[in-house]
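I have placed the structure first, in the form of structure tokens, so that the comments after it can refer back to it.
Protein chains: 2
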Amino acid sequence: MRSYDEYCAIAKSLDVVGDRWTLLIVRELALRGGCRYTDLRNGLPGIASNLLAERLRELEHAGVIAREDAPPPIATTLFRLTARGEQLRPVLEDLIRWGLPLMTEQKPGDAVRSHWLVWALELMLTDRRPDASPVTVELQAGDEPIVIETRDGTIHTRLGRADSADATLTGPPRPILGLLLGLIQPGDAKANGIDYQGDPAILDRIGAETTPPPS
Amino acid sequence: MRSYDEYCAIAKSLDVVGDRWTLLIVRELALRGGCRYTDLRNGLPGIASNLLAERLRELEHAGVIAREDAPPPIATTLFRLTARGEQLRPVLEDLIRWGLPLMTEQKPGDAVRSHWLVWALELMLTDRRPDASPVTVELQAGDEPIVIETRDGTIHTRLGRADSADATLTGPPRPILGLLLGLIQPGDAKANGIDYQGDPAILDRIGAETTPPPS
DNA sequence: CAGCATCCGCTTTGATACTG
DNA sequence: CAGTATCAAAGCGGATGCTG
Chain A
89 MRSYDEYCAI AKSLDVVGDR WTLLIVRELA LRGGCRYTDL RNGLPGIASN
139 LLAERLRELE HAGVIAREDA PPPIATTLFR LTARGEQLRP VLEDLIRWGL
189 PLMTEQKPGD AVRSHWLVWA LELMLTDRRP DASPVTVELQ AGDEPIVIET
239 RDGTIHTRLG RADSADATLT GPPRPILGLL LGLIQPGDAK ANGIDYQGDP
289 AILDRIGAET TPPPS
Chain B
89 MRSYDEYCAI AKSLDVVGDR WTLLIVRELA LRGGCRYTDL RNGLPGIASN
139 LLAERLRELE HAGVIAREDA PPPIATTLFR LTARGEQLRP VLEDLIRWGL
189 PLMTEQKPGD AVRSHWLVWA LELMLTDRRP DASPVTVELQ AGDEPIVIET
239 RDGTIHTRLG RADSADATLT GPPRPILGLL LGLIQPGDAK ANGIDYQGDP
289 AILDRIGAET TPPPS
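Protein chains in written order, with the numbering used here: chain A, 89 to 303; chain B, 89 to 303.
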């Protein structure tokens with residue numbers, strides 16, 4: 089990107105991460121840890137190969153990411169956030185919070201990756217009964233299953249399957265998010281294509297921290 | 089900007105504010121409140137006129153800003169952040185924090201506006217002796233004077249002049265910032281073109297919250 | 001003067017194909 | 001797997017002109 093040529097901290101930041109695709113590359117590395125070129129490509133549907141290569145070069149030069157030769161049995165290059173790159177997490181978290189109300193619209197062509205939803209769910213959900221015994225919910229909403237767990241009264245989310253889920257939600261991502269956010273009533277869940285297995289009371293316990301305004 | 093077409097809160101946010109210049113327009117409105125087209129133009133040196141008009145249209149359509157007809161004696165249009173736009177402040181604050189270490193380099197062609205520095209100073213400075221009587225420092229560093237004041241143990245900054253400053257710093261922006269951040273020793277201030285009037289002990293009292301790593 | 005719209009050359013991006 | 005190469009299309013920057 090061409091520099092803004094301003095002596096301003098915001099402009100200087102955007103000189104580094106303001107390019108198209110750049111923050112989404114940081115997102116991928118923040119969510120998934122070390123990634124191969126191919127992993128990044130899969131997590132950034134639509135990016136041109138030359139652009140990905142160029143952005144990675146620029147980010148490395150700026151000290152945001154580092155290249156790393158994986159240990160012998162793997163024999164590939166891994167891209168990883170540096171300490172400086174990790175410090176971009178607050179920016180990404182604020183963008184998630186700001187973007188959540190926009191998740192009520194899902195365009196037909198929108199790509200879906202479960203790992204994009206994991207961070208958002210952890211930021212927005214809260215355990216309304218922190219002293220009760222922990223619960224586990226499994227979501228089947230994207231390309232991979234997601235687990236929501238309560239631990240010490242706080243919510244933790246991760247990709248993967250649960251050993252024993254207290255509830256399982258299966259369906260398209262948008263209604264599932266709407267149900268968890270309280271925008272869809274549990275009674276309307278089935279009408280929105282959601283299959284619910286388990287104790288319905290869990291939905292009351294795990295809910296949105298602050299109900300987002302209806303746009 | 090072309091949509092990323094991803095069902096991801098970060099991508100949805102960037103679909104709205106990821107365009108070139110867009111976040112800097114929000115910065116101007118966040119820092120200065122209601123602005124005329126001409127004010128925005130002055131605060132965004134280098135932006136093409138058609139781009140500013142186009143971005144303003146997009147931001148209005150996205151509900152981030154609103155147009156407002158100023159009261160009769162002024163007879164002009166004011167652009168203002170909506171409540172939704174105000175919620176972008178955390179994003180801008182994180183970008184300021186992340187970009188601060190980059191302020192150690194000031195390219196020769198970099199434009200300087202005092203109001204860009206005001207927010208950064210408020211975020212990074214702290215009053216190390218909150219119980220002592222309040223102090224006022226005036227900076228003559230950019231196109232407008234800046235006032236730094238302690239109030240109830242917290243730092244407040246604003247554009248303007250102080251009625252009675254306990255100290256006044258005059259000089260180029262970068263060394264002044266370096267002095268306040270502790271990257272330049274008070275003894276080296278004069279060698280960096282800084283003129284200091286007042287009690288030098290104030291520099292010990294008002295300092296950087298966390299010393300940024302030397303790049 | 002404030003608030004744009006138009007035109008044009010240049011740069012960046014997107015889509016695809018190809019390579020060590 | 002991890003990129004380069006190529007080229008058309010879109011976006012941007014700078015200048016200028018128009019309208020209330």
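Note that beta-carbon positions come from the ideal geometry of N, C-alpha and C, so glycine has one too. These numbers were taken from a predicted model, which means no experiment stands behind them.
Chain A within 8 Å of residue i, Cβ atoms only
i	result
Pro-263 (chain B)	no
Asp-93 (chain B)	yes
Gly-97 (chain B)	In the sequence on display, residue 97 (chain B) carries Ala and not Gly. For Ala-97 (chain B), the answer is yes, since a Cβ of chain A falls inside 8 Å of its Cβ.
Val-179 (chain B)	yes
Lys-195 (chain B)	yes
Leu-140 (chain B)	no
Lys-278 (chain B)	no
Ala-229 (chain B)	no
Leu-257 (chain B)	no
Ser-252 (chain B)	no
Ser-202 (chain B)	no
Ser-101 (chain B)	yes
Leu-111 (chain B)	yes
Leu-144 (chain B)	no
Leu-147 (chain B)	no
Leu-190 (chain B)	yes
CB of residue i within 8 Å of CB of residue j, strictly
i	j	result
Leu-183 (chain B)	Val-105 (chain B)	no
Ile-294 (chain A)	Val-225 (chain A)	yes
Leu-166 (chain A)	Gly-122 (chain A)	yes
Ala-296 (chain B)	Gly-259 (chain B)	no
Ala-257 (chain A)	Leu-227 (chain A)	Going by the sequence as given, residue 257 (chain A) is Leu instead of Ala. In this structure, Leu-227 (chain A) lies closer than 8 Å to Leu-257 (chain A) by Cβ.
Ile-98 (chain A)	Arg-143 (chain A)	no
Tyr-95 (chain B)	Asp-127 (chain A)	no
Lys-100 (chain A)	Gly-131 (chain B)	no
Pro-115 (chain B)	Leu-180 (chain B)	Note that residue 115 (chain B) is Arg in the sequence shown, not Pro. Yes, Cβ-Cβ distance for Arg-115 (chain B) and Leu-180 (chain B) is below 8 Å.
Asp-231 (chain A)	Arg-185 (chain A)	no
Leu-265 (chain A)	Ala-277 (chain A)	no
Leu-119 (chain B)	His-203 (chain B)	yes
Sequence-distant residues of its chain with Cβ nearer than 8 Å to residue i (five each side left out)
i	result
Asp-103 (chain A)	Met-89, Ser-91, Tyr-92
Arg-129 (chain B)	Ile-135, Ser-137, Leu-140
Asp-254 (chain B)	Val-223, Thr-224, Val-225, Gly-286, Asp-287, Ile-290
Val-152 (chain A)	Val-104, Val-105, Val-114, Leu-169, Thr-170, Arg-172, Gly-173, Leu-176
Asp-219 (chain B)	Gly-241
Asp-215 (chain A)	Thr-238, Gly-241, Thr-242, Ile-243, Arg-293, Ile-294
Residues bridged to residue i (per DSSP)
i	result
Gly-248 (chain A)	None, per the DSSP bridge assignment.
Gly-295 (chain B)	B:Thr-214
Cys-123 (chain A)	A:Phe-167
Ala-255 (chain B)	B:Val-225, B:Gly-286
Glu-232 (chain A)	Partner(s): none; Glu-232 (chain A) has no beta bridge.
Ile-243 (chain A)	A:Thr-238
Ala-199 (chain B)	A:Glu-94
6 Å Cβ shell around residue i - same chain, five flanking residues per side excluded
i	result
Glu-237 (chain B)	Thr-224, His-244
Thr-164 (chain B)	Arg-124, Ala-158
Leu-291 (chain A)	Pro-274
Val-235 (chain B)	Glu-226, Arg-246, Gly-248, Ala-250
Residue i, enclosing beta strand (DSSP E) - first and last residue
i	result
Thr-214 (chain A)	213-215
Ala-279 (chain A)	Segment: none, Ala-279 (chain A) is in no beta strand (DSSP E) and carries neither H nor E.
Same chain only: Cβ atoms within 7 Å of residue i, ignoring 5 sequence neighbours per side
i	result
Gly-281 (chain B)	Gly-259, Pro-260, Pro-263
Glu-154 (chain A)	The sequence shown places Ala at residue 154 (chain A), not Glu. Here the set comprises Glu-148, Arg-168, Thr-170.
Arg-217 (chain A)	Arg-293
Pro-133 (chain B)	Ala-199
Beta carbon proximity, residue i to chain B, threshold 8 Å
i	result
Ala-199 (chain A)	yes
Gln-175 (chain A)	yes
Pro-233 (chain A)	no
Asp-182 (chain A)	yes
Gly-134 (chain A)	yes
Gly-36 (chain A)	In the structure displayed, chain A extends from 89 to 303; residue 36 (chain A) sits before or after that span and is not available.
Ala-296 (chain A)	no
Arg-115 (chain A)	yes
Ala-208 (chain A)	yes
Leu-271 (chain A)	no
Leu-247 (chain A)	no
Leu-267 (chain A)	no
Residue i: first and last residue of the uninterrupted alpha helix (DSSP H) it sits in
i	result
Gly-187 (chain A)	177-187
Asp-107 (chain B)	Here Asp-107 (chain B) belongs to no alpha helix (DSSP H), and DSSP marks it neither H nor E.
Ala-154 (chain B)	Run containing Ala-154 (chain B): none in the alpha helix (DSSP H); it sits in the beta strand (DSSP E), 153-157.
Gly-266 (chain A)	261-269
Ala-141 (chain B)	137-149
heavy atom of the ligand FMN below 7 Å from residue i C-beta
i	result
Gly-281 (chain B)	No copy of the ligand FMN occurs in the structure displayed, which carries no ligand at all.
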